[in-house]
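When you line the sequence shown up against this note's numbering, it's residues -10 to 84, in that order.
Heads up, the beta-carbon is just placed ideally off N, CA and C, and yes, glycines get one too.
Heads up: the structure comes next, in structure tokens.
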Amino acid sequence: MSASFSKKDLNLIEDLASVFFTEKETAIFMKIPWQIFEREIKNENSEIHLHYYSGWRQSEYALRKLILNSAKAGSTPAQNTMMDIQKKAYSNRLR
């Protein structure tokens, strides 16, 4: 059974995740008991799970784009970071 949260709460959860708050930090900030938040975050079909990881991934996407642009402009550290990201993505891809 999934808990019910307002759209405002879900948007705030997404926003907190977008600045890389951890799951526990988000639960504390939102004043949601950890047992409830943990259950929801582990349920891949719950609204909390979807909003939390959407916020996280949107910011991760923006960061990767910035790193990629720096790599294309010749930044060696950015090029190395992109290579690490690519290797990790390749090893974690669906087969």
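Measure the CB-CB distance between M71 and R53 and report whether it falls below 9 Å.
In the sequence shown, the residue the question calls residue 71 occupies position 82. In the sequence shown, the residue the question calls residue 53 occupies position 64. Yes, Cβ-Cβ distance for M71 and R53 is below 9 Å.
Below 9 Å between beta carbons: does that hold for I37 and I74?
Taking the sequence shown and counting its residues from 1, the one referred to as residue 37 is at position 48. Taking the sequence shown and counting its residues from 1, the one referred to as residue 74 is at position 85. For I37 and I74, no; Cβs fall outside 9 Å.
In chain order, what residues of the same chain have a beta carbon less than 7 Å from the beta carbon of F18, not counting five sequence neighbours either side?
Walking along the sequence shown from the start, residue 18 turns up at place 29. Once the five neighbours on either side are set aside, the close Cβ partners of F18 are L5, F10.
Nearest-angstrom Cα distance between M39 and E33?
Counted from its first residue, the sequence shown places residue 39 at position 50. Counted from its first residue, the sequence shown places residue 33 at position 44. Checking the displayed sequence, the identity of residue 39 turns out to be Leu instead of Met. Approximately 7 Å, taken between the alpha carbons.
Taking the alpha helix (DSSP H) that P66 falls in, what are its first and last residues?
In the sequence shown, counting from the first residue as 1, residue 66 sits at position 77. P66 -> alpha helix (DSSP H) spans 65 to 81.
Where the alpha helix (DSSP H) through D59 begins and ends
The sequence position of residue 59 within the sequence shown is 70, counting from 1. Inspection of the sequence shows that residue 59 is occupied by Ser rather than by Asp. Residues 36 to 61.
What did DSSP end up calling S7 once you bin it into helix, strand or coil?
Residue numbering aside, residue 7 sits at position 18 when the sequence shown is read from its first letter. Here S7 sits in helix by DSSP.
Rounded Cβ spacing between E12 and I30 (contact assumed at less than 8 Å)
On the sequence shown, residue 12 is found 23 positions in, with the first residue counted as 1. On the sequence shown, residue 30 is found 41 positions in, with the first residue counted as 1. Yes, they are in contact, since the Cβ atoms of E12 and I30 sit about 5 Å apart, within 8 Å.
Rounded to whole angstroms, what's the CA-CA distance from A62 to Q68? Just pull it up for me.
As a working mapping, residue 62 is identified with position 73 in the sequence shown. As a working mapping, residue 68 is identified with position 79 in the sequence shown. If I take the Cα positions, the gap works out to 9 Å.
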